[in-house]
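Encoded as structure tokens, the structure appears first; notes follow it.
Numbering (the UniProt record's numbering), first residue to last: 1 to 430.
So, in structure tokens, the structure goes:
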């Protein structure tokens, strides 16, 4: 989508510039901001549809922040990850569990929504891999078929993760993917719910959505509120099945509205304030809750900059230890002298070593002290060894990474769209 916008804007400029430069610039700007205006129209329709809904209406500032975050996330999902990166990161499954071995972390099955593919979950791949969770991300095909046709794909993914980990997986679904999992559980019968640990739905239209009235595809029509397929699905689910569901819904969902349609009676319904339809899958609160449901308490891992710096520091320390010293130190001399490049004789012998010990080194040529003024540093803050300096630099790098206020991090969600090495560098966004 991003490449198409740039291509159309460039073509418009090249075609109309000789005739009217002002018209060419105005048209190019419209090509670039058109998708954002379309998303803004969706939010206006959402606000109108949410009138009278049990979920309270959001304030104007929250809606604007949700719209801005959705423009960035939708551009990355539909303009880069899904069309070009959907096959870049394969599913990760550890070797099958051995009897008596340490229990492996619970596996995860990722199910996307309408008009998407497995590339939708690109930031999740590195997050799960770093924490040891086996994962399989499916692509539901055909894209415009009936929702019941996706049961075989989901069944195969659940079986693969279960065989690799020896434990029922956690199933995380976005949008229509939650309905596809419910249809698969209905097809499995009474034993279906025992094959999963829990099902988490993110912005799933359990009660349908008014936006589906514009669709002409089979799966789109099935998501219209009051459709017979939805009614039959609700009637086929016992309370024990719905008790295994955790459903996240938001007051700023620009696709699933009214907002209460993303809730499921008898399930664990959780509210996320200010998250739009795509953004809800990457919201920090949602991600942390999913990891906790998977059985792993939340813990922050070092970011990409800290990881790279630590690798360089370890490599530099190993090279320093393996290299022979240029000038052997005097007996009892402070090791800080060689570390800083100062001659040991400048600091004098250590206690217990007199002039006789230093006399044996009288014929040695020592390097001169470094020339030029030295930057004055408070003695209490001055690193005294190479290792201390490396640790100080690492701490400063970590402080720079955490300099963004927590409130801004919460609104912005994942910093994934600001990096291009998200999956290759095996870093997470939290």
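Glycine included, C-beta positions come from ideal geometry on N, C-alpha and C.
{"Item": "Could you tell me the boundaries of the alpha helix (DSSP H) in which residue 60 lies?", "Value": "60-76"}
{"Item": "Return the chain-ordered list of same chain residues with a C-beta closer than 6 angstroms to the C-beta of residue 246, the five sequence neighbours on each side being excluded.", "Value": "200 and 268"}
{"Item": "For residue 218, which three-state DSSP category applies?", "Value": "helix"}
{"Item": "Can you check DSSP and say which residues form a bridge with residue 199?", "Value": "171 and 245"}
{"Item": "Could you name the residues of the same chain whose beta carbon sits closer than 7 angstroms to that of residue 43, not counting the 5 residues immediately before and after it, in chain order?", "Value": "63, 67 and 254"}
{"Item": "Would you check if the distance between the CB atom of residue 202 and the CB atom of residue 281 is smaller than 7 angstroms?", "Value": "yes"}
{"Item": "Just reading off the beta strand (DSSP E) that residue 272 is part of, what are its end residues?", "Value": "268-272"}
{"Item": "Of the residues 25, 117, 55 and 207, which one's Cα is nearest the Cα of residue 262?", "Value": "207"}
{"Item": "Just the Cα atoms here: how many angstroms apart are residue 10 and residue 138?", "Value": "36 angstroms"}
{"Item": "Could you please give the first and the last residue of the uninterrupted alpha helix (DSSP H) stretch that includes residue 127?", "Value": "122-130"}
{"Item": "Please state whether DSSP places residue 236 in a helix, a strand or coil.", "Value": "coil"}
{"Item": "Which of the three DSSP states, helix, strand or coil, is assigned to residue 92?", "Value": "strand"}
{"Item": "Among the residues of its own chain, which have a CB less than 7 angstroms from the CB of residue 116, if the five just before and after it don't count?", "Value": "82"}
{"Item": "Residue 282 by DSSP, collapsed to three states: which one?", "Value": "helix"}
{"Item": "Go to residue 108, then tell me how far its beta strand (DSSP E) extends in each direction, as first and last residue.", "Value": "108-111"}
{"Item": "Exposed or buried, what is residue 120 when buried is set at 16 or more other beta-carbons lying within 10 Å of its beta-carbon?", "Value": "buried"}
{"Item": "Return the chain-ordered list of same chain residues with a C-beta closer than 7 angstroms to the C-beta of residue 87, the five sequence neighbours on each side being excluded.", "Value": "none"}
{"Item": "Counting C-beta neighbours from all protein chains within 10 Å, is the total for residue 19 16 or more, i.e. buried, or is it exposed?", "Value": "exposed"}
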